[in-house]
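Q: So the protein lines, in turn, are chains F and L. Residue numbering for the first sequence follows numbering that gives the first Met the number 0, beginning at 0 and increasing consecutively. Residue numbering for the second sequence follows numbering that gives the first Met the number 0, beginning at 0 and increasing consecutively. We put the CB at the ideal spot given by N, CA and C, even for glycine.
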Amino acid sequence: MAALLGPNGSGKSTVMRMITGYFSPTSGSVHVAGIDMGVDSLRARRRIGYLPEQVTLYPDLTVRRYLGFVAGVRGLRGGAARRAVDEALARCHLGEVADRLTGKLSKGYRQRVGLAQALLGDPEVLVLDEPTVGLDPVQTVELRELIRGLVGRTVLISTHVLSEASQLCSRVVILARGRLVAEDTTGGLVRRLAELTRLTVRVEGPAAAVERALAALPGVAGVERLAGETPGEVAFVVLAPDPRPVQQRLAAAMVAGGWPLLELRAAAPGLEDLFVRLVTAADGG
Amino acid sequence: MRAFVALLRKELRSYFGSPLVYLVAAAFLAYTGYYFHSDLIYFLTFGFGVNIMENFWQLLFMDVRLVLIFAVPLLTMRLFAEERRLGTLELLLTYPLRDGAIVAAKLGACLVVIGALLAATLVYPAWVYHLQPFPLRPLAAAYAGLLLLAAACAAYGVFVSSLTDSQVLAAFLTSMPLLLLWLLSWNEAAVGLSTLPLLRAISLFNHFQPFAVGIVDLRDVFYFVYATALFVWATLRVLEARQWRAGR
Chain F
0 MAALLGPNGS
10 GKSTVMRMIT
20 GYFSPTSGSV
30 HVAGIDMGVD
40 SLRARRRIGY
50 LPEQVTLYPD
60 LTVRRYLGFV
70 AGVRGLRGGA
80 ARRAVDEALA
90 RCHLGEVADR
100 LTGKLSKGYR
110 QRVGLAQALL
120 GDPEVLVLDE
130 PTVGLDPVQT
140 VELRELIRGL
150 VGRTVLISTH
160 VLSEASQLCS
170 RVVILARGRL
180 VAEDTTGGLV
190 RRLAELTRLT
200 VRVEGPAAAV
210 ERALAALPGV
220 AGVERLAGET
230 PGEVAFVVLA
240 PDPRPVQQRL
250 AAAMVAGGWP
260 LLELRAAAPG
270 LEDLFVRLVT
280 AADGG
Chain L
0 MRAFVALLRK
10 ELRSYFGSPL
20 VYLVAAAFLA
30 YTGYYFHSDL
40 IYFLTFGFGV
50 NIMENFWQLL
60 FMDVRLVLIF
70 AVPLLTMRLF
80 AEERRLGTLE
90 LLLTYPLRDG
100 AIVAAKLGAC
110 LVVIGALLAA
120 TLVYPAWVYH
130 LQPFPLRPLA
140 AAYAGLLLLA
150 AACAAYGVFV
160 SSLTDSQVLA
170 AFLTSMPLLL
180 LWLLSWNEAA
190 VGLSTLPLLR
200 AISLFNHFQP
210 FAVGIVDLRD
220 VFYFVYATAL
230 FVWATLRVLE
240 ARQWRAGR
């Protein structure tokens with residue numbers, strides 16, 4: 000299971016549309032399960048189940064009929080098609096809405112129908128474009144559970160939520176402004192994020208002396224003075240890749256200098272920080 | 000093939016699941032029934048009972064043709080425009096389906112509906128035949144001509160529908176040129192002698208007229224087959240062109 004991670008407009012959907020054969024790339028090629036999409040698109044498309052970002056269903060068909068239609072399009076017929084539809088219904092917990100019109104379903108159910116149609120025909124590769132976007136927390140958890148159950152397949156999920164990627168996927172590919180800026184394991188990504196941890200420090204004391212003391216601490220990667228402080232106080236942002244020991248040393252150093260520590264806060268960096276960093280790094284290189 | 004059948008069934012289900020097809024059918028049968036009635040009275044009053052093909056069936060089939068060009072845009076407007084509006088086209092195009100199968104299934108479903116409408120009008124000749132038998136083969140030629148004409152118009156309608164996500168616009172842009180061609184065919188006397196042969200060659204309805212009197216000319220058959228193939232080809236190019244205007 001891999002995640003395609005990136006801010007909005009970074010090209011995640013375009014990549015997925017190229018993988019699923021909706022667009023063909025202007026250069027380069029797409030291989031799905033070893034088949035070149037540009038050479039044998041039909042055979043490649045047979046191996047893919049796709050959940051588009053906007054799940055679009057035919058509103059005048061019932062869920063069962065719709066899935067039956069997709070099964071037929073995927074080349075199943077008769078008993079095999081019926082069995083596949085029943086299995087998809089059961090797998091995505093759609094039994095109770097099987098005979099409702101897809102146009103009357105809630106967003107959560109529609110998303111599940113979208114997943115069910117992607118699973119029909121048992122494709123080896125699943126491409127899920129922002130599967131949980133727009134769902135309420137309960138539905139999100141349910142859908143993630145469903146996706147986690149899809150073992151034994153290649154699953155590519157796009158998301159802009161880091162926690163989703165780290166919960167579901169072992170590998171992460173990061174896109175920004177249409178370019179691949181990083182590829183890493185989920186653990187590696189979490190570590191990279193930790194490296195961006197910033198400590199906000201507010202103390203009563205002389206600015207220059209405090210800054211020197213902070214910069215001298217082992218484990219501190221950088222110190223930046225914050226503007227707009229109240230008189231008698233100084234505030235800094237301290238970059239600390241490994242924040243916990245630095246926090247302890249920092250507190251001790253302030254006490255040793257006789258400067259009352261007013262605030263010491265570690266800000267967990269957001270994914271945006273990482274994106275910004277990666278993009279600037281990519282632009283610089 | 001299986002995929003084609005699945006799509007064809009879905010298209011037919013969409014047709015018969017919506018009220019539009021019943022409204023179109025009701026109007027189609029009401030108008031053709033009216034024309035049947037009035038043409039028959041005209042024939043009985045002025046036709047002196049001779050040459051029923053030329054003096055009755057020809058008139059009726061030219062009128063049925065007119066009703067058909069109003070019905071076809073209403074039947075084709077939905078085919079791609081709705082998929083575009085709903086966004087279902089994206090998923091459809093990523094299924095293991097040839098673009099050709101998609102177009103064929105949509106055009107095929109539309110022709111099944113048109114075939115059913117035309118089949119319903121068989122009641123009129125059946126009733127006349129019951130009162131007074133007449134040669135049936137010219138009549139068969141006329142129906143074949145109507146189907147060919149409908150196929151060409153429907154292929155054009157499918158093509159227009161693939162260009163837009165607005166059904167209203169699709170119907171409008173389908174019916175306008177068809178009406179123009181109809182106007183050309185009955186206003187040809189007002190056109191100069193030099194341009195007349197050209198107009199005749201392209202006019203959809205001049206190619207239909209021989210069928211209406213029971214004449215099957217291969218040139219006319221090819222004209223309709225070519226016209227159908229041309230618009231199917233054009234529709235396929237439109238589906239292919241999705242990548243040229245990326246984004247949504």
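1) Assuming A211(L) and A154(L) form a contact by the criterion Cβ under 8 Å, report the distance between their Cβ atoms to the nearest whole angstrom.
2) Please list, in chain order, all residues of the same chain as R1(L) whose beta carbon is under 6 Å from its beta carbon, the five residues on each side excluded.
3) Please decide whether G16(L) counts as near chain F, where near means a Cβ-Cβ distance under 8 Å.
4) Determine, for L6(L), whether the minimum Cβ-Cβ distance to residues of chain F falls below 8 Å.
5) Taking its Cβ as the centre, do 16 or more other Cβ atoms sit within 10 Å of A245(L), making it buried, or is it exposed?
6) What residue ranges within the segment 22 to 53 of chain F form continuous beta strand (DSSP E) runs of no fewer than 3 residues, ordered along the chain?
7) Run through DSSP, which three-state label would S157(F) get?
8) Output yes or no for whether 8 Å exceeds the beta carbon distance between Q53(F) and G86(L).
9) State whether the segment 89 to 96 of chain F contacts the segment 8 to 18 of chain F, with contact taken as three or more CB pairs (one from each stretch) at a distance under 8 Å.
10) If V124(F) and V31(F) are in contact, beta carbons under 8 Å, what's the gap, nearest whole angstrom?
11) Find the nearest neighbour of E163(F) within the set T153(F), E141(F), G177(F), judged by alpha-carbon distance.
12) Is the Cβ of Q53(F) closer than 8 Å to any Cβ of chain L?
13) Is the number of C-beta pairs between the segment 70 to 85 of chain L and the segment 208 to 226 of chain L that are closer than 8 Å three or more?
14) Using a Cβ-Cβ cut-off of 8 Å, state whether T234(L) counts as contacting chain F.
15) Where does the unbroken alpha helix (DSSP H) through V72(F) begin, and where does it stop?
16) Going straight from the alpha carbon of T120(L) to that of L106(L), what length do you get?
17) In chain order, what residues of the same chain lie with their CB nearer than 6 Å to the CB of V63(L), ignoring the 5 residues before and after it?
18) If you check the beta carbons only, do I146(F) and L127(F) fall under 8 Å apart?
19) Measuring CA to CA, which of L182(L), P176(L), L183(L), A228(L) is closest to V71(L)?
20) Between K105(L) and chain F, is the shortest Cβ-Cβ distance under 8 Å, so that the two count as touching?
21) Do A117(F) and L88(F) come within 8 Å of each other at the CB atom, strictly closer than that value?
22) Going along chain L, which residues have a C-beta under 8 Å from T19(F)?
23) Looking at the C-beta of A2(L), does it have a partner C-beta in chain F at a distance below 8 Å?
A: For this structure:
1) Wrong, their Cβ atoms sit about 21 Å apart, outside the cutoff.
2) none
3) yes
4) yes
5) The predicted position of A245(L) is uncertain, since its pLDDT is 42 and thus under 50; a value taken from the coordinates is nonetheless stated next. Counting Cβ neighbours within 10 Å, A245(L) comes out exposed, since fewer than 16 surround it.
6) 47 to 50
7) strand
8) Remark: C-beta atoms of Q53(F) and G86(L) approach each other more closely than 8 Å.
9) no
10) 6 Å
11) E141(F)
12) yes
13) No, because fewer than three Cβ pairs between the segment 70 to 85 of chain L and the segment 208 to 226 of chain L fall closer than 8 Å, the two stretches do not touch.
14) Contact with chain F is absent for T234(L), since none of that chain's Cβ atoms lies less than 8 Å from the residue's Cβ.
15) Counting along the chain, the alpha helix (DSSP H) containing V72(F) begins and ends at 62 to 72.
16) 21 Å
17) T31
18) yes
19) The candidate whose alpha carbon is nearest that of V71(L) is P176(L).
20) no
21) no
22) Taking a Cβ-Cβ cut-off of 8 Å, the neighbours of T19(F) in chain L comprise T93, given in sequence order.
23) yes
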